[in-house]
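Have a look at the structure below before the remarks.
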Amino acid sequence: MNPRKELLEHIPNLRAFAMSLCGSADRADDLVQEALVKAWSNLDSFEVGTNMRAWLFTILRNAFYSELRKRRREVEDADGAMAAKLATHPAQSGHMDFKDFRVALDKLPPDQREALVLIGASGMSYDEAAEICDCAVGTVKSRVNRARQRLAEILALESVAEFGPDGTSQPIVSSPTTTRSVA
Amino acid sequence: MSSNQKSERNVNQQNPNPPGSAALDERLQAHIGTQLKSMYDSFLTEPIPDRLVELLQELDRVSEKKAARGESKE
């Protein structure tokens with residue numbers, strides 16, 4: 001297939017990957033745009049018949065990390081802003097559960113989020129994910145596991161918070177006196 | 001007879017692994033899996049934004065010009 005045509009077919013996937021990574025449609029589209037331009041101008045270096053989707057994901061992923069480094073300071077306090085922004089637009093994702101999940105996903109370190117999305121949603125194999133993330137297969141596996149664990153913690157905490165008691169009420173609840181009822 | 005200092009520290013205030021936590025974990029993991037997939041799929045089915053379509057048309061024009069000038073390395 002004409003590699004240029006093939007490239008077009010991967011755009012929805014590239015976008016989904018970008019959206020999953022950065023949580024903002026504008027930033028995601030900036031990344032896709034950058035990745036497309038890079039891919040387009042480097043099509044000569046792409047070996048026809050090899051894995052174009054992994055190649056494109058690698059380009060996008062590298063763009064994501066260089067952008068992240070550039071705006072590290074902004075990103076550090078953007079977590080709360082992003083959560084607030086999402087909270088005011090519940091219609092965007094349809095149902096509430098989904099929004100909670102998005103907020104939780106954004107709390108993960110980027111390398112864990114990336115591994116989880118590649119393996120759990122994009123349909124990439126562990127080998128492909130390792131190639132994209134430029135790390136060992138074992139590293140991908142442990143990142144996915146840590147991501148799942150952390151998400152479970154966040155989501156479990158949220159469901160507990162709905163029913164209380166949380167950390168703040170703990171001191172009141174635990175009574176200090178264990179009166180010995182001596183008959 | 002002041003034995004009040006002897007008050008033992010209440011160690012087992014809360015069992016960190018109450019029964020049923022494994023089941024909760026399993027349910028949470030299944031929940032995480034489906035949420036992740038449905039989120040990704042919802043992105044996949046979104047229409048490609050105009051700016052990207054325009055970009056591609058622009059890139060196409062550039063490539064055609066290049067090809068016409070014989071700069072293509074094909």
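Just so you know, the protein sequences line up as chains A and B, in that order. Start counting the first sequence at 1; every next residue gets the next number (my numbering). Start counting the second sequence at 1; every next residue gets the next number (my numbering). Every residue gets a Cβ at the ideal spot worked out from N, C-alpha and C, and that includes glycine. Note that the coordinates shown come from a computational prediction; the quantities given were computed from them, not determined experimentally.
Judged by their CB atoms, B/L52 and A/V37 are not nearer to each other than the 8 Å cut-off.
For A/E153 and B/L28, the gap between their C-alpha atoms comes out near 9 Å.
Contact annotation for A/W40 against chain B: L59 [CB-CB distance below 7 Å, chain order].
Neighbours of A/G23 across chain B, judged by C-beta separation under 9 Å, do not exist; the nearest C-beta is about 10 Å away. Taking one beta carbon from each stretch, the segment 27 to 44 of chain B and the segment 126 to 139 of chain A have fewer than 3 pairs nearer than 8 Å; the two do not touch. If you draw a straight line from the Cα of A/L105 to the Cα of B/A68, it comes to about 47 Å. By the rule that beta-carbons nearer than 8 Å mark a contact, A/L36 touches chain B.
In the same chain as A/L116, and ignoring 5 residues on each side of it, the C-beta atoms closer than 6 Å to its own belong to V144, A147, in chain order.
Pairing A/I132 with B/D25, the inter-Cα distance amounts to about 29 Å.
Between A/L43 and A/H10, the gap from beta carbon to beta carbon reaches 8 Å or more. Closer than 8 Å to the CB of A/M19 there is at least one CB belonging to chain B. Spanning the alpha carbons of B/A23 and A/R69 requires a straight line of approximately 40 Å. Among the residues of chain B, those whose CB is under 9 Å from the CB of A/D29 are P49, R51, L52, following chain order.
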